[in-house]
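Each remark here refers to the structure printed beneath this line.
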Amino acid sequence: MNNDLSVLIIGAGPTGLMMACELARHGISFRIIDKNQNPTVSSNATWIQSRTMEIFDHIGIIDRFTRLSNPCHAINLYTNGKSLAQISLTEMDSTYPYIMMLPQSETERLLNERLTELHGKVERPLKLTDVKQIDNKVISTIENSNGYTDEIVSDWLIACDGANSSVREKSGIYFPGEDLPEQFIVADAIIESHMSKDEVHVFFDKGSVFAAFPLGANKYRIMANLNLGIQRKLYTEREVIEMAQERAQGTYYVKSVSWISFFWIHSKLANNMQNNSIFLAGDSAHIHSPALGQGMNTGIQDAYNLAWKLALRIKGKAKSSLLNSYQIERYPVIKEMVNKMESYTKMALFDKNFLKKLNKYSQKLADKNAKFSQKIVAELTQTHIQYTDSPIIDCTNIKKNLIKPGMRAPNVIIHSSSRLYNYFHDTKHHILLFLGLNPSKKTLLQMTEFQKLLHHVHPDLINVYLVSPIPLEESKNVILDVNANIHNQYKVKTQALYIIRPDNYIAYCSNQFKIEEIENLFKRFCNE
Numbered sequence: 000m001n002n003d004l005s006v007l008i009i010g011a012g013p014t015g016l017m018m019a020c021e022l023a024r025h026g027i028s029f030r031i032i033d034k035n036q037n038p039t040v041s042s043n044a045t046w047i048q049s050r051t052m053e054i055f056d057h058i059g060i061i062d063r064f065t066r067l068s069n070p071c072h073a074i075n076l077y078t079n080g081k082s083l084a085q086i087s088l089t090e091m092d093s094t095y096p097y098i099m100m101l102p103q104s105e106t107e108r109l110l111n112e113r114l115t116e117l118h119g120k121v122e123r124p125l126k127l128t129d130v131k132q133i134d135n136k137v138i139s140t141i142e143n144s145n146g147y148t149d150e151i152v153s154d155w156l157i158a159c160d161g162a163n164s165s166v167r168e169k170s171g172i173y174f175p176g177e178d179l180p181e182q183f184i185v186a187d188a189i190i191e192s193h194m195s196k197d198e199v200h201v202f203f204d205k206g207s208v209f210a211a212f213p214l215g216a217n218k219y220r221i222m223a224n225l226n227l228g229i230q231r232k233l234y235t236e237r238e239v240i241e242m243a244q245e246r247a248q249g250t251y252y253v254k255s256v257s258w259i260s261f262f263w264i265h266s267k268l269a270n271n272m273q274n275n276s277i278f279l280a281g282d283s284a285h286i287h288s289p290a291l292g293q294g295m296n297t298g299i300q301d302a303y304n305l306a307w308k309l310a311l312r313i314k315g316k317a318k319s320s321l322l323n324s325y326q327i328e329r330y331p332v333i334k335e336m337v338n339k340m341e342s343y344t345k346m347a348l349f350d351k352n353f354l355k356k357l358n359k360y361s362q363k364l365a366d367k368n369a370k371f372s373q374k375i376v377a378e379l380t381q382t383h384i385q386y387t388d389s390p391i392i393d394c395t396n397i398k399k400n401l402i403k404p405g406m407r408a409p410n411v412i413i414h415s416s417s418r419l420y421n422y423f424h425d426t427k428h429h430i431l432l433f434l435g436l437n438p439s440k441k442t443l444l445q446m447t448e449f450q451k452l453l454h455h456v457h458p459d460l461i462n463v464y465l466v467s468p469i470p471l472e473e474s475k476n477v478i479l480d481v482n483a484n485i486h487n488q489y490k491v492k493t494q495a496l497y498i499i500r501p502d503n504y505i506a507y508c509s510n511q512f513k514i515e516e517i518e519n520l521f522k523r524f525c526n527e
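In structure tokens form, the structure reads like this:
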């Protein structure tokens, strides 16, 4: 029996691995177990959205992914084989204005690689058979491949064990929703085609959909509904090839198929993502249509949101109420996404007027500068997510000309070899003190003194940077913004202050400098 464990993570898919990497980065002891003998070997979830790329950038592993992945810069929609609309991603507000296509097996391998560097490892195969909470401890019964059982006692348990979560079931957490009747097929294929290999192509017809996602070279992930009315347990390579060529109106020549799998769409969301010392993350908390590649990315963001809060609590630096913000922040975001994915899928499959609606939708998309197009792209890439109703976000002093608290802090290319997130690689909150585009000597003196004053507000939790358009020789913690890229991205012309959380969301902003307001923000969740 292990009595000295802070956190036990159940499940070593992308969500569990992300949680393990983040806890390790924050210096928290944990174990991560998985019931499977080996990691995922199939392509499964292939979409890595812009927001997830920003997260990988923040934690220092983005280059590993960009070297192996295939970037897709647009999504093309077709009806009856004719081009209908294009959703371009190139103008979006991110340093990664595209979708990264990479098999889930590779995503897991890279996260495992990072976990090893952080001195962590996945223990396999270990299966959870029971879980109980007694006296603020979580007691997990674990069975190995030989049938031998043991108990692991931990302060916290994170369930990342997928849609059929044993933790969720044994904890009695309600998982309402519905199962859609339509059967889908996915396959990995080698395809020859004149279609662009840096764009996604989706073909619609009455009651049917076929999509091709380029993975690089001539490799593709393809997906389609079967539209049969009966369930199939076997689909041959020849049938997949014929389906692809028929539904894509001959634009694809499928040479071979290496992997075929079936799935059904389930649309469910746990009412509570926390049960005392147990948290749900990823598919254990929410499952939905794979349309638009949201699932894996949402799970990774669950882990990213929870890890820093749990780390502060374990270190004794935060109140227990901080952990309540996980449910408060993530649940509304996920609920909206689950509902939208369900609505889009039902419309495409079962609405007799879908093609007419798609035509009207496409006309709105035609104007690439329109707010409608920008909104769709932001939702698709998950850069729209915000936590404005969170109890640990201060929205009392919002200024129209500044980015709203609760929104993600934009990454900024400062120059060819430096990004703003490079300054955020540690696990602290970061305060940015903007000097303005034309700072006077008086302003410089005042801001330097204010920087020194802020260092006394929870110095173990905060780093304070001056963001200056001019070199400052004597000052420490300066971000040189010589081209004003950061000032412009953060909509700052004169002096301003931003507080950035460890997960790179804006907790507070103002063009006034009141130390008591900053202290009050941290008092919301920090121990005295």
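Its first residue numbered 0, the sequence shown is counted upward by one per residue in numbering that gives the first Met the number 0.
Ideal placement from N, C-alpha and C gives every residue a C-beta, glycine not left out.
Partner residues in a beta bridge of Asp-154, as assigned by DSSP, do not exist.
By the beta-carbon neighbour count (other beta carbons within 10 angstroms, threshold 16), Asp-33 is buried.
Secondary structure note for Pro-13: its alpha helix (DSSP H) is the uninterrupted segment 13 to 24. 8 angstroms or more divides the Cβ of Gly-161 from the Cβ of Ile-31. Going by C-alpha positions, Glu-515 is about 10 angstroms away from Leu-453. Bridge pairing for Gly-405: absent [DSSP].
For the segment 184 to 254, the continuous beta strand (DSSP E) assignments of 3+ residues that do not extend past its boundaries occur at 198 to 204, 207 to 215 and 218 to 224, in sequence order. In the DSSP annotation of this structure, the continuous segment of the beta strand (DSSP E) that includes Phe-29 starts and ends at 29 to 32.
Taking all protein chains shown into account, Val-40 has fewer than 16 neighbouring C-beta atoms within 10 Å of its C-beta and is therefore exposed.
For Ile-60 and Arg-113, the gap between their C-alpha atoms comes out near 8 angstroms. Between Met-18 and Cys-159, the CB-CB gap stays under 8 angstroms. Each residue's CA atom was taken as its position, placing Ala-306 and Asn-421 some 20 angstroms apart. By DSSP's assignment, Arg-418 forms a beta bridge with Ile-412. The criterion of a C-beta distance shorter than 8 angstroms is satisfied by Asn-224 and Leu-348. Per DSSP, Ala-377 lies in no beta strand (DSSP E); the unbroken alpha helix (DSSP H) holding it starts and ends at 370 to 380. Per DSSP, Met-272 lies in no alpha helix (DSSP H) segment and is marked neither H nor E. Inclusion of Leu-156 and Ile-141 in the CB contact set at 8 angstroms is not warranted, their separation being larger than that value.
In the DSSP annotation of this structure, Pro-175 is not part of any alpha helix (DSSP H), being labelled neither H nor E. Straight through space, the alpha carbons of Val-477 and Pro-470 are spaced by roughly 9 angstroms. Counted as a single uninterrupted DSSP element, the alpha helix (DSSP H) harbouring Ser-104 occupies residues 103 to 116.
Pairing Thr-380 with Ser-288 gives a Cβ-Cβ distance that is not under 8 angstroms.
Rounded to whole angstroms, the separation of the alpha carbons of Thr-78 and Leu-354 is 8 angstroms. Where Thr-442 is concerned, the enclosing alpha helix (DSSP H) starts and stops at 440 to 453.
The segment 424 to 432 and the segment 497 to 513 touch, with three or more beta-carbon pairs separated by less than 8 angstroms. In terms of Cα proximity to Met-446, the closest of Leu-227, Glu-518 and Leu-496 is Leu-496.
DSSP, read as helix, strand or coil, puts Thr-426 in coil.
Nearest to Trp-263 by C-alpha distance, out of Glu-236, Tyr-147 and Gln-230, is Gln-230.
When the alpha-carbon of Ser-68 is set against those of Ala-216, Arg-246 and Lys-451, the nearest one is in Ala-216. Look at Leu-83 here: in three-state DSSP terms it is strand.
Runs of the beta strand (DSSP E) lying entirely within the segment 265 to 353, each at least 3 residues long, are 277 to 279 in chain order.
By the criterion of at least three beta-carbon pairs nearer than 8 angstroms, the segment 297 to 314 is not in contact with the segment 183 to 192. Pairing Asn-75 with Val-201 gives a Cβ-Cβ distance under 8 angstroms. When the Cα atoms are used, Tyr-464 and Asn-526 turn out to be separated by approximately 24 angstroms. Just so you know, the alpha carbons of Ala-284 and Pro-331 end up roughly 13 angstroms apart. In the structure shown, Ser-68 falls within a coil segment according to DSSP collapsed to helix, strand and coil.
In the three-state scheme derived from DSSP, where H, G and I count as helix and E and B as strand, Asp-393 is classed as coil.
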